[in-house]
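> Take a look at the following structure, please.
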Amino acid sequence: MSLYFIVVGIEDKHALDKLVAERVELAGASIERQYLTGDYLVKAEDKELLYEAFSDLEFVVVEEVGEVRAIKLNS
Numbered sequence: 070m071s072l073y074f075i076v077v078g079i080e081d082k083h084a085l086d087k088l089v090a091e092r093v094e095l096a097g098a099s100i101e102r103q104y105l106t107g108d109y110l111v112k113a114e115d116k117e118l119l120y121e122a123f124s125d126l127e128f129v130v131v132e133e134v135g136e137v138r139a140i141k142l143n144s
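Heads up, the sequence shown stops at 144 in the numbering used here, and the numbers go up one at a time, no gaps.
Here is the structure:
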């Protein structure tokens with residue numbers, strides 16, 4: 070399982086959140102962290118499915134961060 074950083078160039082934050090949630094679900098992945106800047110950290114098993122889920126969007130970046138070994142969230 071790997072982590073992917075996703076940036077989508079859509080200004081409407083509400084529409085962006087809905088779009089990303091739908092696409093991530095289609096890819097069988099999960100949103101691990103959502104940033105106020107409109108960026109997302111996503112955990113996925115199948116890189117190709119994740120890329121395919123966002124392939125029709127004009128302004129999108131899907132970058133692999135690395136393999137998930139452990140996630141520690143500081144409070």
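The beta carbon of each residue, even a glycine, is placed where N, CA and C say it ideally should be.
On a Cα-Cα basis, can you pick out the residue from F128, Y104, E127 and L119 that is closest to E91?
Here residue 91 refers to the residue found at position 22 when the sequence shown is read from its first residue. Out of F128, Y104, E127 and L119, L119 has the C-alpha closest to the C-alpha of E91.
> According to DSSP, simplified to helix, strand and coil, what is E127?
The residue labelled residue 127 in the question sits at position 58 within the sequence shown. Residue state, collapsed to three classes: coil.
> What's the gap between the Cα of Q103 and the Cα of I75?
Position 34 of the sequence shown, counted from the start, is the residue given in the question as residue 103. Position 6 of the sequence shown, counted from the start, is the residue given in the question as residue 75. In a straight line, the C-alpha of Q103 is about 10 Å away from that of I75.
> Could you name the residues that DSSP lists as bridge partners for A113?
Taking the first residue of the sequence shown as position 1, residue 113 is located at position 44. S71.
> Look at V134 and L85 and say whether their C-beta atoms are less than 7 Å apart.
Start at 1 with the first residue of the sequence shown, and residue 134 comes out as number 65. Start at 1 with the first residue of the sequence shown, and residue 85 comes out as number 16. Contact flag unset, no.
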